[in-house]
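Colleague: I'd like to ask some things about the structure below.
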Amino acid sequence: MDMKVSKKKLGLKERYRLMTRDLGWDTTYQPKDKVLPYVGYEGIKIHDWDKWEDPFRLTMDSYWKYQAEKERKFYAIIDAHAQNNGHLNLTDARYLSALKIFLQAISPGEYAAHKGFARVGREFPGVGTQVACQMQAIDEIRHAQTQIHAMSNYNRYYNGFHAFADQRDRIWYTSVARSFFDDAMSAGPFEFMIAIGFSFEYVLTNLLFVPFMSGAAYNGDMATVTFGFSAQSDEARHMTLGLECIKFMLEQDPANVPIVQGWIDKWFWRGFRVLGLVSTMMDYMLPKRVMSWREAWNIYGVENGGALFKDLARYGITPPKGWDDAEKGIDHMSHQFMLGLYQWSFGTAFHSWIPSDEDMAWLSAKYPDTFDKHYRPRWNHIRKLAAAGTPFKNYGLAKLCQTCQLPTVFTEPDDPTLTCHRETTYKGEKYHFCSDGCQHIFDNEPEKYIQAWLPMPQLFQDPIKGDLGEWMKWVSLIDGKDNGDYAGSEDQQHFEAWRGLATTNQ
Amino acid sequence: MPVAATREYVGVPRDVAANFHGKQLVYVSWDRHLLFAAPFLLCVPPEMKFRELLDGPLAMLSQPDPDAAAIDWTQVEWLKSNQPWTPDFGRSLADNGIGHKDQLRFRTQGANTLLTAA
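Read top to bottom, the protein sequences are chains A and B. According to the working numbering, the first sequence holds residues 1 to 506 in order. According to the working numbering, the second sequence holds residues 1001 to 1118 in order.
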């Protein structure tokens, strides 16, 4: 006979406590600092891990339920996009360059963030922190997967998507994002949280999402928009975790403040340099633009960032050291990057191009103080070279910054006509930097940054020894298909032909 | 400041001269001629004469700049590691004291077409 047992339903609060805080245990046969050996060496002092607040009060069981629902919706739309030739709804196949950079450089960053959060979730003693980091670790691997799936449909029709994993490891511009994450993952758990949880997720993430997700929506890319929606609620959680973590550190002990300030200075500048490439996507690569990089910076950098640092001032935190230099670079950086990408486009697994008259009119309106004065003359000259049948290719390659690994394309903060040259000698070796910000980071931890794998100097070492053709094979770049000017590319020809078939009777 | 670490931390540099099969890296840039997005990275033998560096790779790479043909190398001002410096054209890079990963900058007095075009 079945007996109906009345089960007492747990209250929300009690359930939450059981499903999170009660998962913790005390060690019995090993001292705690042996089990959690990495929590002290960075110098951060924590007196009470129970003071950690979980702003979302999310338990693992409900986490799985929400995520599974989002996955079902996501894949339904991705299937529909693939089956209905969604790629022909794009404004223009030039848009795909932004996606290719995202897939080669940023999606692997999501995977790196997954590894990092899995690790710090193991290394932090507090249960609240462990649970939050574990969820974020799973989010990040899900983001890497769903991004790759969302973009895989484009790989069936267009060049430059086919070898993103090789390119993540070997091509030159991806080392910028890779070194950012390697730097964070080889730091201690608290610095990792400031690097990824705070600087990247909280201070800078909007500058990444606006061009990509809004950019996708503006340019008819339903696959990426769908990914954006699927990730959005996770991002809100990540931002809160980053902010919670920094406040927790600052509240636990006044001695933590100068350490945290040092990390904010460092990781703001590293993040700003990585996201520099985004400026080029916003100003040059989106056929239909959302807003200029300058406009995005005014909203998400100046307004939001300014408010955040005003809020943190009560702990004794000041705005990041490189803030003023960042502001001085805003009206220049997208142009400086795009000029570089164009002249080195023989070595990129995406296309770049010379801006049209209409593009230049837009740039001139958005950058009234800089574009016509400094950059239009260079583009006009490059256009002349292309028209004469001698398109500009700079086989001189480039000096890279030892810290951020970008080509040193930047000018002096107060003189946009002069390249910024910075160098130092450490243990008899010369090292070069793109800026004071990057040199400062190096000077603080030279033993770390002398190990940097800089892709351009590597090209002249084993196994490539300076052979450009061998290098292309080694990075899985198909010359004449993946690289070069968009004008005349296979991507352009295919897109125009297929769209013609879909929209005309020819 | 040393790297915060749980034990002694010693890094190994990845770009030492020994890795370049008898050659070395030299960075060269033309001040205020920003058609070139960054300083050139050249991988050349230290025995190369300074004159050969100018007439060979540097002349070829500078060519897209509209003022390249007008460069008078005898009138050029040089900086090495951001300090004024005078090269001896007939001697090798090594004899000129140009080490691995040194940055050379040069300045020309003549026209700067792309800077004044606006």
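By construction, the Cβ of each residue, glycine as well, lies at the ideal position given by its N, Cα and C atoms. Keep in mind it's a predicted model, so treat the numbers as computed, not measured.
Taking the continuous alpha helix (DSSP H) assigned at A:Arg-119, which residues delimit it?
Modeller: Per DSSP, A:Arg-119 belongs to the alpha helix (DSSP H) from 107-123.
Colleague: Compare the beta carbon distance of A:Asn-380 and A:Leu-286 with 8 Å and say whether it is the shorter of the two.
Modeller: No. Outside cutoff.
Colleague: Looking at the structure shown, is B:Glu-1047 part of a helix, part of a strand, or coil, going by DSSP?
Modeller: Three-state DSSP puts B:Glu-1047 in coil, outside helix and strand.
Colleague: Hey, how far is the Cα of A:Asp-50 from the Cα of A:Ser-107?
Modeller: Going from the Cα of A:Asp-50 to the Cα of A:Ser-107 covers about 34 Å.
Colleague: Would you call A:Leu-312 buried or exposed, if buried means 16 or more other Cβ atoms sit within 10 Å of its Cβ?
Modeller: When all chains shown are included, A:Leu-312 counts as buried.
Colleague: Looking at chain B, which residues of the region 375-388 of chain A have a Cβ within less than 7 Å of any of its Cβ atoms?
Modeller: Residues passing the 7 Å Cβ filter: Arg-376, Pro-377, Arg-378, His-381 and Leu-385.
Colleague: Can you give the Cα-Cα distance for A:Gln-104 and A:Gly-160, rounded to whole angstroms?
Modeller: Approximately 9 Å, taken between the alpha carbons.
Colleague: Which residues, taken in chain order from the region 387-401 of chain A, show a beta carbon closer than 9 Å to some beta carbon of chain B?
Modeller: Residues Thr-390, Phe-392, Lys-393, Asn-394, Tyr-395, Gly-396, Leu-397, Ala-398, Lys-399 and Leu-400.
Colleague: For a contact meaning CB atoms closer than 7 Å, what does A:Phe-209 contact in chain B?
Modeller: What A:Phe-209 touches in chain B: nothing, since even the nearest Cβ is about 27 Å away.
Colleague: Below 8 Å on the Cβ atoms is my contact criterion, and I expect A:Ser-175 with A:Trp-453 to pass it. Report the Cβ-Cβ distance as a whole number of Å.
Modeller: That belief holds up - the Cβ atoms of A:Ser-175 and A:Trp-453 are roughly 7 Å apart, short of 8 Å.
Colleague: Which chain B residues sit within Cβ distance under 9 Å of A:Gly-43?
Modeller: Within 9 Å Cβ-Cβ: Ala-1004.
Colleague: Please identify, using Cβ separations under 7 Å, the residues of the region 411-441 of chain A that lie next to chain B, in order along the chain.
Modeller: Answer set for the region 411-441 of chain A: Thr-417, Leu-418, Thr-419, His-421, Glu-423, Glu-429, Lys-430 and His-432.
Colleague: Tell me the DSSP secondary structure of B:Tyr-1009 in three-state form.
Modeller: Looking at B:Tyr-1009 - three-state DSSP - the assignment turns out to be coil, as it is neither helix nor strand.
Colleague: Within 10 angstroms of the Cβ of B:Pro-1057, are there 16 or more other Cβ atoms? Answer buried if so, exposed if not.
Modeller: Per the 10 Å Cβ criterion, buried.
Colleague: What residues match up with B:Lys-1080 in a beta bridge as DSSP calls it?
Modeller: DSSP, once it has assigned bridges, lists B:Gln-1083 and B:Leu-1104 as partnering B:Lys-1080.
Colleague: Does any C-beta atom of chain A lie closer than 8 Å to the C-beta of B:Ser-1029?
Modeller: Judged by the 8 Å Cβ criterion, B:Ser-1029 is in contact with chain A.
Colleague: What is the DSSP secondary structure of A:Lys-73, reduced to helix, strand or coil?
Modeller: Here A:Lys-73 sits in helix by DSSP.
Colleague: Mind checking which residues open and close the beta strand (DSSP E) that includes A:Lys-51?
Modeller: No beta strand (DSSP E) contains A:Lys-51, which DSSP labels as neither H nor E.
Colleague: Please classify A:His-432 as buried or exposed, where buried requires at least 16 other C-beta atoms within 10 Å of its C-beta.
Modeller: Classification for A:His-432: buried.
Colleague: Mind pulling the alpha helix (DSSP H) runs of 4 or more residues that sit fully within the region 278-309 of chain A?
Modeller: Segments of the alpha helix (DSSP H) lying fully in the region 278-309 of chain A: 293-296.
Colleague: Is the CB-CB distance between A:Cys-404 and A:Arg-273 below 8 Å?
Modeller: Yes, the pair counts as a contact, with Cβ atoms nearer than the cut-off.
Colleague: Less than 8 Å between CB atoms is the rule here; does B:Gly-1110 satisfy it with respect to chain A?
Modeller: Taking Cβ atoms only, chain A never reaches closer than 8 Å to B:Gly-1110, which makes this a no.
Colleague: Here's the rule: buried if 16 or more other CB atoms are within 10 angstroms of the residue's CB, otherwise exposed. What is A:Val-210?
Modeller: Per the 10 Å Cβ criterion, buried.
Colleague: Check distances from the C-beta atoms of the region 1005-1024 of chain B to those of chain A and list, in chain order, the residues that come in under 8 Å.
Modeller: The residues in question are Ala-1005, Thr-1006, Tyr-1009, Val-1010, Gly-1011, Val-1012, Pro-1013, Arg-1014, Asp-1015, Val-1016, Asn-1019, Phe-1020, His-1021 and Lys-1023.
Colleague: Counting only Cβ pairs nearer than 7 Å, list the residues of chain A close to B:Pro-1045.
Modeller: The premise fails here: B:Pro-1045 is roughly 12 Å from chain A at the closest Cβ pair, so nothing lies under 7 Å.
Colleague: So is A:Val-35 buried or exposed if we call it buried at 16+ other beta carbons inside 10 Å?
Modeller: Label assigned to A:Val-35: exposed.
Colleague: Nearest-angstrom Cα distance between A:Met-333 and A:Val-39?
Modeller: Their backbone Cα atoms lie some 38 Å apart in a straight line.
Colleague: Between B:Leu-1041 and chain A, is the shortest Cβ-Cβ distance under 8 Å, so that the two count as touching?
Modeller: So, interface residue.
Colleague: What separation, rounded to the nearest whole angstrom, lies between the Cα atoms of A:Arg-383 and A:Leu-341?
Modeller: In a straight line, the C-alpha of A:Arg-383 is about 15 Å away from that of A:Leu-341.
Colleague: Which residues of chain A have a Cβ atom closer than 9 Å to the Cβ of B:Gln-1103, listed in chain order?
Modeller: Ordered by position in chain A, the residues that pass the 9 Å Cβ test against B:Gln-1103 are Lys-399, His-421, Glu-423, Lys-430 and His-432.
Colleague: If you draw a straight line from the C-alpha of A:Gln-402 to the C-alpha of A:Lys-115, how long is it?
Modeller: If I take the Cα positions, the gap works out to 24 Å.
Colleague: Whose CA, out of B:Met-1060, B:Thr-1074 and B:Val-1003, lies closest to the CA of A:Tyr-41?
Modeller: The shortest Cα separation from A:Tyr-41 among B:Met-1060, B:Thr-1074 and B:Val-1003 belongs to B:Val-1003.
Colleague: Distance, Cα to Cα, A:Arg-178 vs A:Lys-45?
Modeller: Their backbone Cα atoms lie some 30 Å apart in a straight line.
Colleague: With a cut-off of 8 Å, does the C-beta of B:Leu-1069 fall near any C-beta of chain A?
Modeller: The amino acid at residue 1069 of chain B is misidentified as Leu; the sequence shows Ala. Chain A, which has no Cβ nearer than 8 Å to the Cβ of B:Ala-1069, makes this no.
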